[in-house]
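Residue numbering for the sequence shown follows the working numbering, beginning at 12 and increasing consecutively.
All C-beta atoms in this analysis are idealised placements derived from N, C-alpha and C, irrespective of residue type, glycine included.
First the structure, in the form of structure tokens, and then the observations on it.
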Amino acid sequence: MRPRIYLDYAASTPVDPRVLSAMRPYFTEKFGNPGSLHAEGQAAIAALDHARETLAASLGADFREVIFTSSATEANNLALRGALRAFREAHPDLRPKLIVSAVEHESVLQTARDLARAGAELVLLPVDAAGLVDPRRLFRLLDARTVLVSVMFANNEFGTIEPISDIGRIIADFRNGRSKFEVRSSKTSRLEPPASNAYPLFHVDAVQAFQFLDCRPEFLGCDLLTLSSHKMYGPKGAAALYVRSSQFAVRRPASRLEPRTRLIEPLLTGGGQEFGLRSGTENVPAVAGFARAVELADEMRVRESARLIRLRDVFWKALRQKHEQMRLNGVDIIAEPKGPRLPNNLNIWFPGRSAEELVARLDMAGISVSAGSACASRAGKISGALTALGHSPARARQSLRLTFGRATAFSELRRVLAVFRKL
Ligand code: PLP
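The following block contains the structure:
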């Protein structure tokens with residue numbers, strides 16, 4: 012039997028053998044609890060410290076700015092809920108406002124909707140046909156009550172790369188009370204002073220971006236950043252939230268009557284692990300593997316991105332030549348060869364064909380692809396991200412996501428092309 016061809020690396024990646032080797036000792040001989048004072052505990056805390064240093068070095072961040080969580084879903088919850096909780100405690104009289112792009116992963120969108128049910132104002136930031144957020148539009152939405160803006164670095168379904176550093180600059184300008192985009196009309200010139208010059212916080216979900224793009228928060232201008240190990244050849248069960256230290260630090264109270272508040276509050280109460288932001292014994296083997304995966308991603312980023320762009324472009328051109336009716340969702344890489352699209356992503360509209368049926372037939376032919384994000388495809392839901400691009404529900408149901416990875420080779424893609432031709 013011919014080996015299967017896996018083209019769903021955006022859903023999850025296999026664990027790199029070098030990552031597995033880094034994890035192994037922490038299941039057996041170095042199994043201690045990092046909170047314990049004895050030798051076994053010391054070995055575990057040493058692994059945790061080393062992992063935190065590795066992530067901090069990769070992000071150009073401080074050791075204390077890296078908070079390990081169990082998943083990116085948890086990290087996104089901590090960012091959004093934690094920020095709102097801290098804001099509410101400090102400003103009980105203000106109704107907090109959240110601005111979230113319309114194409115975020117469900118772990119951000121559903122969390123934001125939940126916070127809106129609990130009384131926050133939620134504004135969904137629309138995107139254009141390619142999936143891009145307009146930073147000027149975002150600027151016009153900012154006001155004194157805006158606690159947090161969340162825009163993902165790269166979309167998990169159609170791979171569009173958002174202009175994160177432009178957004179970071181606009182938010183910084185707003186915090187400092189000035190703007191490039193200052194608009195004079197009475198309707199839009201609402202340069203109200205922010206509630207505190209720390210707000211709005213800027214959160215970036217960089218789960219799909221990290222392997223390919225520079226995710227240093229200093230460069231992006233963000234305060235909070237989410238990463239996930241199992242999207243970068245690390246194990247499941249480990250992820251991280253970067254929390255900028257100025258946000259993390261306890262603010263000096265203005266008077267003795269003002270409570271000491273943090274700008275992010277924890278969601279879990281317990282032993283106070285992760286600098287008090289995420290109680291619960293850390294998953295040491297997974298975190299050790301995550302750190303090794305980060306090192307490998309750092310080493311491979313430039314070369315692997317260039318290799319995948321070549322594969323992606325050759326494959327798409329060959330497919331389009333045979334099937335002219337197919338279209339890409341997101342950035343069109345033929346019209347815009349250097350457009351902001353992830354090197355490993357193709358999201359293809361097959362007019363008149365059910366994506367679900369195609370997934371099943373390709374699966375039988377030994378090829379794994381997906382119809383949208385893993386969570387949405389299991390639930391049989393229409394992709395909200397594709398309809399946010401302005402596409403019809405029918406087009407969303409007829410679109411397949413192919414995501415390439417380290418094992419993807421031209422020989423595999425030739426086989427995929429042949430199968431597509433038969434289908
Ligand atoms: N954010 C993005 C952009 C994702 O693609 C995913 C997973 O698909 C997540 C968050 C959630 O990641 P996790 O599976 O680690 O909870």
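Check, Outcome
"What would DSSP say about S118, mapped onto helix, strand or coil?", "helix"
"Taking 8 Å as the threshold (C-beta atoms), are R289 and L143 in contact?", "no"
"Classify V478 as helix, strand or coil using the three-state DSSP reduction.", "Here the chain has residues from 12 to 434 only, and residue 478 is not among them."
"Label F79 either buried or exposed according to how many other C-beta atoms from any shown protein chain fall within 10 Å of its C-beta, with 16 as the threshold for buried.", "buried"
"Looking at the structure shown, is V215 part of a helix, part of a strand, or coil, going by DSSP?", "strand"
"Near L373, what residues of its chain come up, given a Cβ to Cβ distance below 6 Å and the 5 sequence neighbours on each side ignored?", "V380"
"Could you check the C-alpha separation between E173 and L424 for me, to the nearest Å?", "28 Å"
"Tell me, please, whether the region 279-288 touches the region 220-233 by the rule of three or more beta-carbon pairs shorter than 8 Å.", "no"
"Assign H49 to one of two classes, buried (16 or more other C-beta atoms within 10 Å of its C-beta) or exposed (fewer than that).", "exposed"
"State the DSSP-derived secondary structure class of K108, mapped to helix, strand or coil.", "strand"
"Of the residues R35, Q409, R99, C233, which one's Cα is nearest the Cα of S365?", "Q409"
"Y253 and E76 look like a contact to me (Cβ under 8 Å); what is the Cβ gap, rounded to whole Å?", "6 Å"
"Which stretch, first to last residue, makes up the beta strand (DSSP E) that contains V160?", "157-161"
"Any idea if M243 is buried or exposed, counting beta-carbon neighbours within 10 angstroms, 16 or more meaning buried?", "buried"
"Is DSSP giving Y20 helix, strand or coil here?", "coil"
"Count the other C-beta atoms from every protein chain shown that fall within 10 angstroms of the C-beta of R273, then say buried if there are 16 or more, exposed otherwise.", "buried"
"For S197, which residues of its own chain have a beta-carbon under 7 Å away from its beta-carbon, when the five flanking residues on both sides are left out?", "Summary for S197: the model assigns pLDDT 38, below 50, so the residue's position carries little reliability; its value from the coordinates is reported in the next sentence. Closer than 7 Å at Cβ, skipping near neighbours: no residue."
"According to DSSP, simplified to helix, strand and coil, what is F74?", "helix"
"Ignoring anything shorter than 3 residues or poking outside the region 349-428, list the beta strand (DSSP E) runs there in chain order.", "356-360, 410-414"
"Who pairs with Y253 in a beta bridge, going by DSSP?", "V77, L236"
"Going by DSSP, which residues form a beta bridge with I172?", "A165"
"Which whole-angstrom value is the C-beta distance of A94 and V158, which I expect to be below 8 Å?", "6 Å"
"How about N87 and V119: do their beta carbons lie closer than 8 Å?", "yes"
"Tell me E132's beta-bridge partners as DSSP assigns them.", "K108"
"Can the beta-carbon of A33 be found less than 8 Å from the beta-carbon of G383?", "no"
"I'd like to check one pair, G401 with A140: are the Cβ atoms closer than 8 Å?", "yes"
"Are there any heavy atoms of ligand 1 lying less than 7 Å away from the beta-carbon of A21, as far as the coordinates show?", "yes"
"Can you grab the Cα-Cα spacing for the pair R92 / L126, in whole Å?", "7 Å"
"Any heavy atom of ligand 1 closer than 7 Å to the Cβ of Q219?", "yes"
"Inspect the beta-carbon positions of A297 and P246 and report whether they are closer than 8 Å.", "yes"
"Helix, strand or coil: how does DSSP classify L153 here?", "coil"
"For H441, verify whether its CB is less than 7 Å away from any heavy atom of ligand 1.", "Past the boundaries of the shown model lies residue 441; the chain is included only from 12 to 434, so the question cannot be answered."
"Out of curiosity, what's the CA-to-CA distance linking I393 and R406?", "10 Å"
"Please tell me whether, using a cut-off of 7 Å, the distance from the CB of M163 to the nearest non-hydrogen atom of ligand 1 is below it.", "yes"
"Would you kindly work out how many angstroms separate the C-alpha atoms of R262 and N294, rounded to a whole number?", "Residue placement at R262 cannot be trusted, given a pLDDT of 48 that sits under 50; what the coordinates show is reported in the next sentence. Their backbone Cα atoms lie some 30 Å apart in a straight line."
"Note down the Cα distance separating V215 from V138, rounded to an integer number of angstroms.", "16 Å"
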